[in-house]
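Reviewing the structure listed below.
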Amino acid sequence: MASTPRVSLSERIRETLEAEILSGKLDAGSRIDEQELMERFEVSRTPAREAILHLISAGLLATVPRQGAVVPTLSLSEYVPMHEILMDLEGLAARLSARRMPLVQRRALEQAHGECARAAELDDAEAYGRANRTFHEIIYDGSLNEVLARQLRSMRLRMRHPRRSLFDRPNRIRHSLAEHQIIVAAILSGDEDAACKAMKEHISSGGNVYADAIASMPPGRGVPPARRTRRTR
3 MASTPRVSLS ERIRETLEAE ILSGKLDAGS RIDEQELMER FEVSRTPARE
53 AILHLISAGL LATVPRQGAV VPTLSLSEYV PMHEILMDLE GLAARLSARR
103 MPLVQRRALE QAHGECARAA ELDDAEAYGR ANRTFHEIIY DGSLNEVLAR
153 QLRSMRLRMR HPRRSLFDRP NRIRHSLAEH QIIVAAILSG DEDAACKAMK
203 EHISSGGNVY ADAIASMPPG RGVPPARRTR RTR
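Written out as structure tokens, the structure reads:
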């Protein structure tokens, strides 16, 4: 039986770590240890190291002296310029989706909006966060621009809040859902300008909530003391 190509092993490790960072299983300050990755995934040092280097180059891990690779968090000064870029990119994705989104994805967008509404009815911040992520990713894919979709996913990963769901904030779910409704209506009607405008306003609103959350965190340099990764097999 042929051995698994090294690149496939590296990709598997990278994808697993990305998912754990996105879900919050690996929170800010978690240390990514090369030896532990080798043991966990039963691989040699090379694919483990390649996965770490890829995540560092993507900005999902940071190198800290005497600690190695850790999951970083953004400071407020780092967040603001990234948010400005994110707002324009999200607006572009909505604009392109209004023009190009295939029928199957339009239906998926309506379903995702329905999932957001159900989570809002239950006031379930965690469920709303998952549904919200799906909602935005459908719009990324609906733009039919892979480069844009990939860039947005990467930025979203880097800009996640490391402590708690932003939808725990008072009234954020209600406001977010209302903003989603405007975005959905604009995309489904093919109104490119309205879709772009509604999405940029939505991202701006969420960005203010995020900035408030970062500002409320204890002062630091952006990367808190490292914790060891949790071993899971």
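Just so you know, we're using the working numbering here: the sequence shown kicks off at 3 and counts up by one. Think of the CB as a built atom: it goes at the ideal place given N, C-alpha and C, for glycine as much as any other residue. Note that the coordinates shown come from a computational prediction; the quantities given were computed from them, not determined experimentally.
Consult DSSP for residue i and reduce its assignment to one of helix, strand or coil.
i      : result
Arg8   : Note that Arg8 scores 48 on pLDDT, short of 50, meaning its location in the model is unreliable; the coordinates nonetheless yield the value given after this. It is helical.
Val149 : helix
Ser77  : coil
Ser32  : strand
Arg165 : Because Arg165 sits at a pLDDT of 46, beneath the cut-off of 50, its placement in the model cannot be relied upon, and the following sentence gives the value as read from the coordinates. Residue state, collapsed to three classes: coil.
Gly70  : strand
Ala60  : coil
Glu20  : helix
Do you know offhand how far residue i's Cα is from residue j's?
i      : j      : result
Ala197 : Arg109 : 17 Å
Gln37  : Met161 : 27 Å
Leu154 : Arg68  : 32 Å
Asp195 : Ile23  : 34 Å
Met3   : Arg51  : The predicted position of Met3 is uncertain, since its pLDDT is 43 and thus under 50; a value taken from the coordinates is nonetheless stated next. Distance between the alpha carbons of Met3 and Arg51: 25 Å.
Arg14  : Glu20  : 10 Å
Ser10  : Ala180 : 42 Å
Ala60  : Ala71  : 13 Å
Gln2   : Val186 : Any question about residue 2 goes unanswered here, given that the chain covers just 3 to 235.
Leu65  : Leu105 : The residue you asked about is not Leu; residue 65 is Thr in the sequence shown. Between Thr65 and Leu105, the C-alpha separation is close to 44 Å.
His182 : Arg42  : 40 Å
Ala249 : Arg97  : Because the chain is modelled from 3 through 235, residue 249 falls outside the range shown and cannot be assessed.
Asn134 : Ile140 : 10 Å
Met103 : Leu190 : 9 Å
Val73  : Thr18  : 14 Å
Pro164 : Leu76  : Unreliable placement is indicated for Pro164, whose pLDDT of 49 sits below 50; the coordinate value is still reported in the next sentence. Each residue's alpha carbon lies about 9 Å from the other.
Met40  : Leu159 : 24 Å
Ala200 : Gly93  : 8 Å
Lys27  : Ala53  : 18 Å
Ser12  : Val45  : 9 Å
Leu111 : Met84  : 26 Å
Glu123 : Asn147 : 33 Å
Ala119 : Arg152 : 27 Å
Ile184 : Arg47  : 49 Å
On a CA-only basis, which of the options is nearest residue i? Give me that one, please.
i      : options                         : result
Asp29  : Glu41, Arg14, Leu62 and Phe43   : Leu62
Ile34  : Ala151, Ser99 and Ile58         : Ile58
Thr136 : Val149, Ala187 and Ala121       : Ala121
Met157 : Arg101, Glu41 and Tyr81         : Tyr81
His138 : Arg102, Asn147, Phe43 and Ala95 : Ala95
His204 : Glu123, Met89 and Ala119        : Met89
Arg16  : Lys27, Pro49 and Glu44          : Pro49
Lys202 : Glu86, Arg152 and Leu78         : Glu86
Gln107 : Asp143, Met84 and Ala119        : Asp143
If residue i and residue j are in contact, beta carbons under 8 Å, what's the gap, nearest whole angstrom?
i      : j      : result
Phe169 : Gly131 : 5 Å
Ser32  : Ser99  : In fact, because the Cβ distance is near 34 Å, the residues do not count as touching under 8 Å.
Leu91  : Leu150 : 7 Å
Arg101 : Gly192 : 7 Å
Are any of the Cβ atoms in chain C nearer than 9 Å to that of residue i?
i     : result
Gln69 : Among the chains of the structure shown, chain C does not appear; only one protein chain is present.
Query - the region 174-181 in contact with the region 126-134 per 3-pair CB rule at 8 Å - result: yes
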